[in-house]
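Okay, so here's the structure we're looking at.
Residue numbers (my numbering): 351 to 602.
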């Protein structure tokens with residue numbers, strides 16, 4: 351018999367259902383890995399309609415498994431694939447990365463691609479999404495510059511989430527080709543800002559101004575000017591990184 355499990359978000363709202371069907375046992379008597387199918391209710395469905403539909407889907411899915419038919423659902427919608435995708439990939443994500451992926455999926459990807467079948471999404475649709483991000487209302491996503499538009503680097507980060515989803519779908523043979531491959535798309539170019547460095551005179555003046563400051567700030571700025579180390583590298587320094595006998599500093 352198929353096992354039906356509700357999938358809820360952090361607010362306790364049901365977002366989808368996971369249907370598992372077990373078939374057979376291993377040589378040592380343990381149940382084999384289950385076949386899994388996900389289903390997301392359409393907006394506006396009543397509790398009775400949802401219960402009837404998910405039970406009907408579970409019965410059909412169980413029959414497919416028992417009959418040995420191909421159980422990869424190539425007609426699956428984008429939004430229905432997301433729970434399966436997250437189930438597979440979340441184990442490799444840090445809590446912060448998982449939170450970022452969930453936010454981008456909920457706020458941007460589901461509204462744009464949700465009701466489309468995965469196999470019907472083409473490169474042109476992905477390019478359309480990129481163009482949409484370039485003109486996005488800052489109320490729907492955090493703007494990153496003074497023009498209230500998403501920066502190219504932010505757009506690339508959001509696109510990475512979408513590319514990961516299609517890569518997994520292709521790996522599972524739900525789609526034949528990945529429509530989000532970078533070489534097929536026109537992606538905003540990240541322009542690295544020109545780095546301005548202190549002149550020798552400016553650095554000397556900076557060191558003079560530091561003489562009235564707290565010793566901690568004197569040390570930090572002096573190290574930055576003398577070593578050229580990055581801010582993060584300096585902040586990560588430990589007392590053991592200093593070799594006072596040899597007058598050496600180890601930066602890793």
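Here a beta-carbon is modelled for each residue, glycine too, at the ideal position from N, C-alpha and C. Values in this document were obtained by computation on a predicted structure and should not be read as measured data.
Apart from the five residues on each side of it in sequence, which residues of its chain come closer than 8 Å, Cβ to Cβ, to residue 427?
390, 464, 465, 466, 467, 468
Buried versus exposed, by CB contacts within 10 Å (16 or more), residue 497
Low local confidence applies: a pLDDT of 49 at residue 497 is under 50, so the model's placement there is unreliable, with the coordinate-based value given in what follows. Exposed, because fewer than 16 other Cβ atoms sit within 10 Å of the Cβ of residue 497.
Check whether the Cβ atoms of residue 385 and residue 433 lie closer than 8 Å to each other.
no
What does DSSP give as the partner residues of residue 552 in its beta bridges?
According to DSSP, residue 552 bridges with nothing at all.
Measure from the alpha carbon of residue 410 to the alpha carbon of each residue in 396, 577, 369, 435, then state which is nearest.
369
Out of 580, 601, 574, point me to the one whose CA is closest to residue 590's CA.
601
Kindly indicate the opening and closing residues of the beta strand (DSSP E) around residue 356.
353–358
My assumption, with CB atoms under 8 Å, is that residue 560 sits in contact with residue 574. Please give the rounded CB distance.
That belief does not hold up - the Cβ atoms of residue 560 and residue 574 are roughly 11 Å apart, past 8 Å.
I'd like to check one pair, residue 486 with residue 435: are the Cβ atoms closer than 8 Å?
no
Determine whether the beta carbon atoms of residue 404 and residue 371 lie at a separation below 8 Å.
no
Option nearest residue 529 by Cα separation, candidates 598, 430, 538, 477
477
DSSP on residue 493, reduced to helix/strand/coil?
Model confidence at residue 493 stands at a pLDDT of 39, short of 50, so the residue's coordinates are unreliable; what they give is reported in the following sentence. In the structure shown, residue 493 sits in coil (DSSP, three-state: anything other than H, G, I, E or B).
Buried or exposed for residue 470, please, with buried defined as at least 16 other CB atoms from any protein chain shown within 10 angstroms of its CB.
exposed
Find the nearest neighbour of residue 531 within the set 351, 509, 483, judged by alpha-carbon distance.
509
Just the Cα atoms here: how many angstroms apart are residue 494 and residue 406?
Caution is warranted here: a pLDDT of 42 is assigned to residue 494, below 50, making its placement in the model unreliable, and no coordinate value can be reported.
In DSSP terms, what residue 366 is bridged to:
357
Enclosing alpha helix (DSSP H) for residue 508 [first to last residue]
502–521
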